[in-house]
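Below is one structure, written out as structure tokens; comments come after it.
Number of protein chains: 2
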Amino acid sequence: MNYSNAFIPTLREVPSDAVIASHRLMFRAGLLRKLANGLFTYLPMGLRAYRKVEQIVREEMNATGALEIKPSVVVPAELWKESGRWDSMGESMLRVKNRLDNDFVVSPTAEEAFTATVRDELSSYRQLPLTLYQINTKFRDEIRPRYGVMRGREFTMKDAYSWHANDASLDETYQAMGQAYRRIFKRCGLSVIPVKADSGAMGGSGSEEFMVESDVGDNTLILCKKCDYAANVEKAACALDSNFRPSVEIAKGAAANTPPYEKIDTPNIKTIEELCAFLKTEPKSFIKTLIYRAENVEIDLSSAPGCEKFDRKNPTAFFAVAIRGDLDVNEVKLASILKASEVTLASDADVERLTGAPVGFAGPVGLTTLPLIIDSTVAGMDDAITGALAKDLHYKHVAWGRDFEAWMIEDIRTVKAGDICPVCGGELYTKMGNELGHIFKLGYKYTKSMNVTYLDENGKSQIPTMGCYGIGVDRTLASVIEEHHDEAGIIWPVSIAPYHVIIVPIKYDGEVKTAADKLADELSKNGIEVLLDDRNERPGVKFNDADLLGIPFRVVIGDKGLAASPAQVEIKRRSEKESRNVDLDKAAAELTEKIREELGKGLERG
Amino acid sequence: MNYSNAFIPTLREVPSDAVIASHRLMFRAGLLRKLANGLFTYLPMGLRAYRKVEQIVREEMNATGALEIKPSVVVPAELWKESGRWDSMGESMLRVKNRLDNDFVVSPTAEEAFTATVRDELSSYRQLPLTLYQINTKFRDEIRPRYGVMRGREFTMKDAYSWHANDASLDETYQAMGQAYRRIFKRCGLSVIPVKADSGAMGGSGSEEFMVESDVGDNTLILCKKCDYAANVEKAACALDSNFRPSVEIAKGAAANTPPYEKIDTPNIKTIEELCAFLKTEPKSFIKTLIYRAENVEIDLSSAPGCEKFDRKNPTAFFAVAIRGDLDVNEVKLASILKASEVTLASDADVERLTGAPVGFAGPVGLTTLPLIIDSTVAGMDDAITGALAKDLHYKHVAWGRDFEAWMIEDIRTVKAGDICPVCGGELYTKMGNELGHIFKLGYKYTKSMNVTYLDENGKSQIPTMGCYGIGVDRTLASVIEEHHDEAGIIWPVSIAPYHVIIVPIKYDGEVKTAADKLADELSKNGIEVLLDDRNERPGVKFNDADLLGIPFRVVIGDKGLAASPAQVEIKRRSEKESRNVDLDKAAAELTEKIREELGKGLERG
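One line per chain: the protein sequences are H and G, in this order. If you're matching positions, the first sequence starts at 75 in this note's numbering and goes up one per residue. If you're matching positions, the second sequence starts at 75 in this note's numbering and goes up one per residue.
Pasting the structure below:
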């Protein structure tokens, strides 16, 4: 392809909202333009790179045995009503009414469309397991789209869905997908951090996110300095404190020397900070007790205090949650423990009604109106300060096991930098990350609500279990640029590069033109993708553009080199500083070999 | 690929609305399923064929030098407001409001998105000509979607757009696209009829449609029995009648023996049929005069009677249109001649106001209030019956040139079967057809309204002219099936087939299995796509499915053949009745050669 025919509108200035490298470089190098906020056009150079990501994803999906299908992008609302997500998806889902006043959805994801398609065709266990995928347009109506295609409104997702007769089969596909994802990102030249993740609104549990580090990432990752432990902060765990008492009996023993708890007057003091100043102590000496309201709780509450009225029709319950005063409750973990669709802090009125005291004076001692859930840190506290369930009153010398017991002891703290790794005991630290891929075990959420069944070996009707597996194609592409660029521009990995080689004739004329054309031709015949800079520009301009575009190999051809004996050209890798002179007649073979070697990386199958 | 892993849910029964072969067979052979009316899911076998059509289109577009880009499917309404089509597109365009109450369009076509993208990058004549295309999702909210993907709501279109400094350059690209389209359809194994077409709501003129014959087609085609003349009835011409008089002088001479025109009383007679009965004559003896109302007329009306008040602010005009009594006015031709956005029959009130008589008595003699446009057939009539501009009154012995003159003489008749070919004088006949592709010269419609400019050689700002070129991918795929099937199923051309070869072991076991696996392996290594029927089904079931799926080559492997010396397999082309025995060890080579030969057809470039 000649440069002058390739429509590569490079820019010196980029839009002021382009604050991250990939966004800036996709605009500067002529890969992308904006149609509206969060809506973009891939220009030819951008689309070439995009298609390569897409193809790598497709090849790795096919290698797992997954089959590609293509549902429509616009789907009938009926399917979303069946699954219940028409109501639960919120405003980020783009809903459309057509001329006949029928409701449609511009797909943000496709559990429903895939499940509906499979439902009608699935009859026998012999058809399972089955994995289907698409690489197709999605739309999420982000309130604040930004960072270019990293968080656009319309994007392309590879989404795969699998159906299984049992958990073992689901786990097998889930593991295969995890391996495929690692291969995909490796082939794209990306360093990903696979982390345990909460599966959020998708439902189900058992999931892994594939993250890339990013200063503007949406996710806080908890990582270990010593081992490869990595988790989304929403799910991250840490080691138990050394003073954790696994039972009430042990705790009672540990509290043997603690004086009996006693009241302290704390007039007009509500916050832990005020208490610390008043009592001249530290937050970690306190047990903080918070009242939570939880919706659609699915765990058994028949033995829970205050939950006598809880049932399917009235699925709201309140909980007291106690945690060491210097720590925060992780509401995602809490919701997950309760199997609740949502947890929020109770209103002031509810707190007062349930604890008999205004906000700020809740405490575990004498609390009988609510189920008490304590964080494991509280199960190590034998001389703590707590609220006393009355205005302007606290207790001191409170000990777990001796002065109160818990309905549940769980890990509900938000892990933070400096905490101890639950796997190896190393120190944890945090990074910001962006999610590129996500694999989940969905379970029966969709197959149950949408009535999917098959007949098992005994002719009995069964409901299959399900997994789902997504990768953002655009985000993956942008992340490649985030990881591979410098001041001058993009540094494409060979696997994703829009072209493998850029030939830069010093002046596209005479013998130099002949040599450049011939080399381009030889390379093309070998299947190498060549961009030939045929423009009538100064060499400096061409070199700068070659650096900006990030083509992996640059070949400079000039009169001087051609006059040497044998004729020479200069080859430079975009990723390296130094160039080398190579015999003109060996250049095609050498480049072909190197590029094939790079393309072969990650293709070995074990 | 093993059949049992390929998810091919074949059906015996098809939905009752599947009335055409492609719709029936796409469902029966497990290529397609329905999500909602006009919305479908391509299953793995369907998608494989679909991708091949897509790839043929892509290769042929790239061969013309067109560059692929990818705008979003959902685009901001602002662009459509700029071009004016937000108002003119009507209800078939799917409009969406997002959570911020902004308007968007789910693209039915992409003149606006492409023009907006190019507008910001185009600066110099050196960048022209430029052709960009996409192969992407489109949505048209058909009131009555039917015939499967032949007329769905969501579909995939290849749409290309080109920009040019002058008409010669536009024509060059237009011609190249026409050639590319011929190659695309040939490679898909399709017989297309290229026809002159009206460019409809797209604007501009100079266009060609690529039609396939279809009993349920949307278009009436006019074809010549002798030559290759082909036109959409909306634009079709026919030869002038032998008695056509090219001038008033000649007409006057021809009318020398016609008696002077005279009144005839025709009480309570309005229709031509009633008049024929009353006067005992035939419709072709009459001049039928119709009053039309035209909107946004762009031709010069300064000399037109009754159009004194016509201007840009008041762009409605009325016309009298006279045609031989047995013929119909072609309103598309009429609109095209007037360069009007719309022509409709005038209301009864307008007719009465303008002609001084109720509907049924308009005529050309003495008509001074309206511009009179006569069809060329009227310019051959020297003894006709016409309305007399008064209730219950007609004239007879009316002669053009002698008794009235015309403001315009044009070809405005609707051509019909039996008319004479304008090219060779042969007889014309009609067929119903479906449009697969369409190429237009758009002109300045979008570049003017959307303010696209570039600087010419002299540094002067110019507006580029534009072309656009579409192909329906789904419709092309369905048309391949329409043209290539029989009672038993699909007969895929090798170029589009989901797999090239189906291997049918009589029983997938023992030596037969070994031979089948080995042959599949050899073929796959040669790049041949193989489906291996590993199912535990009776041979008859497998043969029927192979015929239904339409894989071009079937190889049957059984114990008997393997026991022969040398071992034999049976090869049958789906398109042929007879099978042949082939040595097992020569089968891979023979199949590979034949398939490569087929795939090479249409790839030669002149």
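From the three backbone atoms N, C-alpha and C, an ideal C-beta is built for every residue, glycine too. Note that this is a predicted model, so its numbers are computed, not measured.
- Interface flag for residue 215 of chain G against chain H is set, since a Cβ pair is found closer than 8 Å.
- Neighbours of residue 444 of chain H in chain G, taken as residues whose beta carbon is under 8 Å from its own, are absent, since the nearest beta carbon is some 37 Å off.
- Taking 8 Å as the cut-off, the beta carbon of residue 482 of chain G is found no closer than this to the beta carbon of residue 236 of chain G.
- In this structure, residue 153 of chain G and residue 538 of chain G do not form a Cβ contact; the two beta carbons are roughly 17 Å apart against a cut-off of 8 Å.
- Annotation: residue 541 of chain G has no Cβ neighbours in chain H at a cutoff of 8 Å; minimum Cβ distance is about 16 Å.
- In the DSSP assignment, residue 411 of chain H forms no beta bridge with any residue.
- Under the rule that a run must span 3 or more residues, the beta strand (DSSP E) segments found entirely inside the segment 455 to 525 of chain G read 458 to 461, 467 to 472, 482 to 484, 502 to 517.
- Using beta-carbon distances, residue 338 of chain G does not count as an interface residue toward chain H, since no partner is under 8 Å.
- Within the same chain, 572 come within 6 Å of residue 122 of chain G by CB-CB distance, once the 5 residues on both sides are set aside.
- Judged by their CB atoms, residue 198 of chain H and residue 528 of chain H are nearer to each other than the 8 Å cut-off.
- Among the residues of chain H, those whose CB is under 8 Å from the CB of residue 191 of chain G are 107, 109, 115, 117, following chain order.
- In its own chain, leaving out the 5 sequence neighbours on each side, no residue places its CB closer than 6 Å to the CB of residue 617 of chain H.
- The closest CA to that of residue 102 of chain G, considering only G:604, G:119, G:109, is found on G:119.
- Closer than 8 Å to the CB of residue 79 of chain G there is at least one CB belonging to chain H.
- With respect to the 8 Å criterion, residue 141 of chain H and residue 205 of chain H are classified as neighbours on the basis of their beta carbons.
- The DSSP-derived three-state label of residue 136 of chain H is helix.
- In this structure residue 650 of chain H is exposed. Its beta-carbon is surrounded by fewer than 16 other beta-carbon atoms within 10 angstroms.
- Rounded to the nearest angstrom, the Cβ distance from residue 558 of chain G to residue 603 of chain G is 18 Å, too far for a contact under 8 Å.
- The shortest CA-to-CA distance from residue 493 of chain G to any of G:600, G:314, G:320, G:412 is the one to G:314.
- Beta-bridge analysis with DSSP links residue 234 of chain G to G:207, G:543.
- The continuous stretches of alpha helix (DSSP H) do not include residue 268 of chain G, which lies in the beta strand (DSSP E) extending over residues 267 to 270.
- Secondary structure remark: continuous alpha helix (DSSP H) runs of at least 4 residues inside the segment 318 to 361 of chain G, in chain order: 322 to 328, 346 to 353.
- For residue 256 of chain G, no beta strand (DSSP E) segment is defined; the enclosing uninterrupted segment is the alpha helix (DSSP H) at 241 to 261.
- Beta-bridge annotation (DSSP): residue 285 of chain H is paired with H:267, H:509.
- Your pair residue 474 of chain H and residue 325 of chain H checks out as a contact, with CB atoms roughly 5 Å apart and the cut at 8 Å.
- By the Cβ-count criterion, residue 567 of chain G is buried, with 16 or more other Cβ atoms from all chains shown falling within 10 Å of its own Cβ.
- Less than 8 Å divides the Cβ of residue 414 of chain H from the Cβ of residue 371 of chain H.
- Put simply, the CB of residue 180 of chain H is near chain G, with a gap under 8 Å to one of its CB atoms.
- In the structure shown, the three-state DSSP call for residue 677 of chain G is coil.
- Beta-bridge partners of residue 419 of chain G (DSSP): G:366.
- A distance below 8 Å separates the beta carbons of residue 77 of chain H and residue 607 of chain H.
- For residue 102 of chain G, the enclosing alpha helix (DSSP H) stretches over residues 95 to 102.
- Identification of residues in the segment 131 to 164 of chain H having a C-beta nearer than 8 Å to some C-beta of chain G yields 139, 141, 142, 143, 144, 145, 146, 147, 148, 149, 150, 152, 153, given in sequence order.
- In this structure, DSSP gives residue 142 of chain H an extended state, which the three-state scheme calls strand.
- For residue 187 of chain G, the C-beta contacts it makes with chain H under 8 Å involve 109, 115, in order along the chain.
- In its chain, beyond the 5 residues on either side, 486 have a beta carbon closer than 6 Å to the beta carbon of residue 407 of chain G.
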